[in-house]
Structure formats: structure tokens, C-alpha cells
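Before any comments, here is the structure.
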Amino acid sequence: MASIFVSSRVLLDGKFVPASIFVSEDGKITDIQPGILEPSTGHTYYDYSDKTLLPGLVDSHVHLNEPGRTEWEGFETGTKSAAAGGVTTVIDMPLNAIPPTTTVENLHTKLNAAVSQAWVDVGFWGGVIPGNDNDLVPLVDSGVRGFKCFMIESGVDEFPAVEPEDIAKAMDVLKNQPSVLMFHAEMLPPEGEAKVADSASPTAYDSFLDSRPDSYERTAIETIVDLAAKCDRKDTLNLHIVHISSAETLPILERAQNELGINLTAETCFHYLTFTSETIPNKGTHYKCCPPIRTKANQDALWAALQAGVLRTVVSDHSPCTPALKDLEVGDFFKSWGGVSGLGLGLSILWTEASKRGIGLEKVSEWTTRNTARQVGLQGRKGEIAVGYDADFVVFDPEMEFVVTEDKIHFKNKISPYKGLTLKGLVEKTYLRGNCIYTAEDGVVEKPVGKLILEKRTE
Numbered sequence: 001m002a003s004i005f006v007s008s009r010v011l012l013d014g015k016f017v018p019a020s021i022f023v024s025e026d027g028k029i030t031d032i033q034p035g036i037l038e039p040s041t042g043h044t045y046y047d048y049s050d051k052t053l054l055p056g057l058v059d060s061h062v063h064l065n066e067p068g069r070t071e072w073e074g075f076e077t078g079t080k081s082a083a084a085g086g087v088t089t090v091i092d093m094p095l096n097a098i099p100p101t102t103t104v105e106n107l108h109t110k111l112n113a114a115v116s117q118a119w120v121d122v123g124f125w126g127g128v129i130p131g132n133d134n135d136l137v138p139l140v141d142s143g144v145r146g147f148k149c150f151m152i153e154s155g156v157d158e159f160p161a162v163e164p165e166d167i168a169k170a171m172d173v174l175k176n177q178p179s180v181l182m183f184h185a186e187m188l189p190p191e192g193e194a195k196v197a198d199s200a201s202p203t204a205y206d207s208f209l210d211s212r213p214d215s216y217e218r219t220a221i222e223t224i225v226d227l228a229a230k231c232d233r234k235d236t237l238n239l240h241i242v243h244i245s246s247a248e249t250l251p252i253l254e255r256a257q258n259e260l261g262i263n264l265t266a267e268t269c270f271h272y273l274t275f276t277s278e279t280i281p282n283k284g285t286h287y288k289c290c291p292p293i294r295t296k297a298n299q300d301a302l303w304a305a306l307q308a309g310v311l312r313t314v315v316s317d318h319s320p321c322t323p324a325l326k327d328l329e330v331g332d333f334f335k336s337w338g339g340v341s342g343l344g345l346g347l348s349i350l351w352t353e354a355s356k357r358g359i360g361l362e363k364v365s366e367w368t369t370r371n372t373a374r375q376v377g378l379q380g381r382k383g384e385i386a387v388g389y390d391a392d393f394v395v396f397d398p399e400m401e402f403v404v405t406e407d408k409i410h411f412k413n414k415i416s417p418y419k420g421l422t423l424k425g426l427v428e429k430t431y432l433r434g435n436c437i438y439t440a441e442d443g444v445v446e447k448p449v450g451k452l453i454l455e456k457r458t459e
């Protein structure tokens with residue numbers, strides 16, 4: 001049966017207004033009318049007139065790790081966690097699963113693992129590694145949303161880093177494709193690897209921070225911009241930098257975007273906007289990620305770059321592992337796996353921090369829905385409440401506060417620096433294509449209704 005969703009605060013075109021949303025039986029938005037309409041014969045009526053209705057989040061940077069490392073995470077636990085946080089679409093990264101998504105054959109291995117395990121819609125990134133340039137177009141044709149590469153060791157042997165010549169080949173192959181080439185932008189600078197004093201304690205966060213300086217990110221992005229500027233069709237080449245942590249990269253990004261005519265976007269992550277190096281405790285390896293969490297002054301610059309549009313998206317970079325790999329007992333930052341777990345907490349995390357800075361919920365939603373949907377080529381379908389789009393909604397109470405306890409964490413290994421924080425804003429319900437997939441009272445629904453997104457991008 002078709003449905004009507006009503007609320008006094010629906011986010012439409014960047015503004016909160018009273019509205020009534022008509023949803024077809026197949027989960028598409030067919031009409032939006034101003035004001036709160038009365039129940040209508042032939043329609044199921046959902047009255048959220050005292051709540052805020054947002055579009056479902058699109059988290060474009062998630063490591064689900066299945067198959068191969070399912071003890072770290074998996075499609076079931078990862079997508080359930082997403083649903084509990086108002087995330088209705090995730091895009092799975094190509095690495096940390098075995099095999100990585102670097103060939104069509106490997107993609108199908110991953111798809112076979114994902115069947116009937118998606119509580120939200122799932123799309124897929126492919127990977128660029130040395131020597132797989134002939135696999136890229138077949139992967140585009142098979143529906144991957146784009147490609148990620150590493151300019152430094154990835155942490156897993158099956159996903160080696162690329163050299164500048166590999167990047168140039170990938171740019172040439174993808175310059176006329178409906179895709180995006182993404183970079184883990186850390187690279188050893190000309191002066192070589194950062195030196196850490198022999199006396200530095202491996203359990204002190206500052207020791208780890210000194211080992212991954214801003215120059216790693218700056219060098220990588222300068223290299224990307226230089227290679228893109230030399231590409232003969234740079235106007236058709238879409239590029240994206242994942243998880244920006246260093247404010248020193250921002251002028252390089254801004255120049256590429258505004259002066260050099262390079263189609264370059266960039267994201268940052270919830271953890272870079274929440275935590276600062278000054279407050280990370282010794283042995284706090286659950287905070288470890290690469291690139292690292294930096295200073296408070298650096299964080300302020302990231303927030304300013306978001307508001308200025310230099311950074312356009314905020315994602316989780318959910319990169320979980322087992323407790324043993326986090327080395328929490330010893331707390332050695334150099335031996336611990338690098339990755340922050342936070343899938344499903346992002347909307348509340350970002351709203352908590354944004355509201356402290358006087359930033360409206362409209363911008364929080366834009367960075368996590370509309371802009372991420374555009375990055376992954378799902379504009380027109382995901383990321384907005386608009387006619388023709390999927391009826392993906394979040395019923396959100398922006399004033400409710402809650403403490404992040406283990407029962408609020410739905411991913412597999414409940415290791416997270418967010419545990420114990422008081423967050424502002426509660427996801428009360430999540431809808432995927434008009435189907436309720438989560439309620440705060442009852443949890444995630446029993447049967448998954450998510451789909452695998454495999455249609456080829458059009459832009």
C-alpha cells in the first residue's frame with residue numbers, strides 16, 4: 001500500500017519545512033505537498049509531525065571486510081549498524097576483504113558473500129593496485145562506483161601501494177569513464193621516512209603522531225595534483241581524496257579546485273572532527289588511524305574548510321578489527337591496527353560537534369547525504385527527500401542525548417573511542433525505500449531488505 005509521511009520539520013532543498021511525502025508501494029517518493037495533510041483513504045499514514053525528518057545517510061567509506069576477514073566485521077553486522085544510525089546506503093571499500101575488489105572475478109566473490117545479508121543498500125568501490133589497469137573498465141561496467149588506491153603501505157599485503165606511474169595509467173584509463181579515482185593520500189616526502197626519537201615511548205600517542213607528519217599528506221596531494229594537471233582530459237577525470245586529516249593540505253586542494261580546473265573533491269571523517277591529539281591518552285590505541293588525529297588548531301581548520309566547501313563530505317571510514325589487533329592491553333601504537341570504528345554513530349557525532357560551533361543540522365545532513373550521494377554517482381536516487389528519489393528517511397530527535405554504551409554499538413567488535421561519550425541527537429527510526437528497518441525501541445528488523453547497487457554509473 002502507498003504511504004504518506006508527515007512532519008513539521010522535513011529537510012527539503014536545504015530548509016526545514018512542514019511537508020507531506022507520498023511514497024509508492026515500490027518505495028519511491030511520488031509527490032511532496034506543503035503542510036501536514038490529514039490521513040487519506042488508500043494510504044498508510046505515518047505521523048512524525050513533532051519530529052525531524054532527514055534523508056537517509058550515504059556513508060561512502062566503510063570497510064565491511066567480508067569475505068576473508070569476517071571476524072573483523074561482515075555484511076550482516078556492518079549493515080545492521082548502519083541502519084541503527086540512519087545510514088541507508090553504504091559503499092564498501094575494496095580492501096581488507098580477501099580477495100580485494102581489484103578484478104571482476106574478485107567482485108563476484110564479494111557479491112556472493114553479500115547475498116541476503118544487506119540491511120541497507122550496499123554499493124562497492126574497486127581498487128587500483130600495480131598492474132591491474134586492464135581490470136578497471138570491466139569493473140566500471142560491472143557497477144563499481146569508483147576506485148581507491150594507496151600511496152603508502154595499506155596494512156594488508158594483498159592491496160599494495162601504487163607508484164606515480166601506476167596513478168598516471170589509472171588516470172588515463174578512467175578519464176572518459178563514469179567513475180572516480182580516490183586516494184589514500186599519504187606518501188613519503190623527498191626527505192624520506194619521519195624519524196622518531198629512540199627514546200620515544202611506543203605507548204605515547206605523540207610518538208605515533210610524529211611518525212605520520214603532515215608532510216606525508218601534503219606530498220601525496222601535491223603529487224596527485226601534478227599528475228592530474230598533466231592528464232590530457234583532466235576536465236573529464238573525477239578525483240577524490242579520502243579522509244583528509246591535515247590542514248596543511250587545504251590550500252593545495254583549494255588551488256586545484258579553483259585555479260587549475262581539476263575535478264577534485266575531498267572528505268574528512270567524524271573522528272577528525274571530534275577528537276584531538278592533545279586529549280588522546282597513552283595506550284589509547286582505539287584512537288589510532290592513518291592518517292592520524294591531529295591537534296585542536298588543525299581540527300578547527302577542518303571545520304572551516306567544510307563550511308567553505310573545500311571539504312564537501314564527512315564519512316565514517318569505519319575500519320574495524322579484532323581486539324587482539326588493537327593491542328589495547330599493551331597499547332603499542334606502532335603494533336596496533338590503524339582504524340576507528342564508528343559506523344552508525346556518525347549523525348549524532350557530527351551533530352553533537354556541529355551544534356557546539358553554531359552549525360545547523362541542514363549542513364550536517366548536506367555533508368553526509370546529498371554530497372556523499374553525488375560523490376558515488378547516486379544523485380537522483382539517494383541523498384535527498386525529493387520526487388523520484390528512494391524513500392530513505394531518518395526520524396531524528398535533535399535534542400535527545402544519550403551515552404554511547406555497548407548496547408548502542410551494533411558493529412561486530414565493540415572497540416571504539418566513542419564509547420562513553422554523551423552524544424546529542426537520537427535516531428528514532430530508519431526507513432529504507434519506505435520500509436522501517438530500525439526503531440530505537442525494537443532495534444533492527446529481523447529480515448534484510450537492502451539491495452546491492454550494481455547498475456553502472458552515468459556520471
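In full-length UniProt numbering, the protein residues as written are 1 to 459.
Just so it is clear, CB atoms sit at the ideal spot from N, CA and C, and this is done for glycine as well.
Query	Result
Here's the rule: buried if 16 or more other CB atoms are within 10 angstroms of the residue's CB, otherwise exposed. What is Gln177?	buried
Using beta-carbon positions only, say whether Asp135 and Thr102 come within less than 8 Å of one another.	yes
What is the rounded straight-line gap between the Cα of Pro448 and the Cα of Leu345?	20 Å
Does the region 230-241 come into contact with the region 167-183, if we say contact requires no fewer than three beta-carbon pairs (one atom in each stretch) closer than 8 Å?	yes
Going by C-alpha to C-alpha distance, which of Trp337, Val87, Leu421, Lys15 sits closest to Asp59?	Val87
Hey, quick one: how far does the alpha helix (DSSP H) through Ser365 stretch, first residue to last?	361-365
Tell me whether the beta-carbon of Lys148 lies closer than 8 Å to the beta-carbon of Trp119.	no
What three-state label does DSSP hand Lys169 in the structure shown?	helix
Using a 10 Å radius around the Cβ and a threshold of 16 neighbouring Cβ atoms, would you call Val115 buried or exposed?	exposed
Give a yes or no on whether the C-beta atoms belonging to Ser277 and Thr295 are separated by under 8 Å.	yes
Excluding the 5 residues flanking Val310 on each side, which residues of the same chain have their C-beta closer than 6 Å to its C-beta?	Leu250, Leu253, Glu254
Please check the pair Pro55 and Phe393, which I expect to be a contact at CB under 8 Å, by giving their CB distance rounded to whole angstroms.	7 Å
Could you check whether Val196 and residue 462 sit closer than 8 Å to each other, using their CB atoms as the reference points?	Limits of the chain in this structure are 1 at one end and 459 at the other, which puts residue 462 out of reach.
What's the C-alpha gap between Ala324 and Leu174?	39 Å
On a Cα-Cα basis, can you pick out the residue from Ser20, Val62, Pro34, His61 that is closest to Asp47?	Ser20
From Lys51 to Asn106, what distance separates their C-alpha atoms?	43 Å
If you reduce the DSSP assignment to three classes, tell me which class His271 lands in.	coil
How many angstroms separate the CA atom of Phe411 from the CA atom of Ser207?	29 Å
Shorter than 7 Å, the distance from the beta carbon of Tyr431 to the closest heavy atom of the ligand PLP, or not?	Looking at this structure, you won't find the ligand PLP or any other ligand, since it has none at all.
With H, G and I counted as helix, E and B as strand and the rest as coil, what does DSSP make of Ser20?	strand
Counting only runs of 3+ residues fully inside the region 46-75, write out the beta strand (DSSP E) ranges in chain order.	52-55, 57-62
Whole angstroms are fine: how far does the CA of Ala386 sit from the CA of Ile32?	7 Å
I need the straight-line Cα distance from Leu227 to Met1, nearest angstrom please.	53 Å
If you pair each beta-carbon of the region 21-30 with each one of the region 365-378, do three or more pairs fall below 8 Å?	no
Spatial neighbours of Ser81 within its chain, please: C-beta separation below 6 Å, excluding the five flanking residues on both sides.	Leu343, Gly344, His410, Phe411
Report yes or no: do three or more beta-carbon pairs, one from the region 280-290 and one from the region 36-45, lie closer than 8 Å?	no
In chain order, what residues of the same chain lie with their CB nearer than 7 Å to the CB of Gly98, ignoring the 5 residues before and after it?	Residue identity differs from the one stated: residue 98 is Ile in this sequence, not Gly. Contacts found: Pro67, Gly68, Arg69, Glu158.
Hey, out of Gly425, Val17, His63, whose CA is closest to Ser355's CA?	Gly425
Identify, in the order they occur along the chain, each residue of the same chain with its Cβ nearer than 8 Å to the Cβ of Ala194, setting aside the five sequence neighbours on each side.	Asp210, Ser211, Arg212, Pro213, Ser215, Tyr216
Using only CA atoms, which one of Glu428, Arg433, Glu446 lies nearest to Thr439?	Glu428
Hey, Pro417 and Trp72: beta-carbon distance below 8 Å or not?	no
Which residues share a DSSP beta bridge with Asn435?	Leu432
If you reduce the DSSP assignment to three classes, tell me which class Lys456 lands in.	coil
For residue 498, which three-state DSSP category applies?	With the chain covering only 1 through 459, there is no way to say anything about residue 498.
Taking Ile252 as part of the alpha helix (DSSP H), name the residues at either end of that continuous run.	250-258
Tell me where the alpha helix (DSSP H) around Leu136 begins and ends.	136-141
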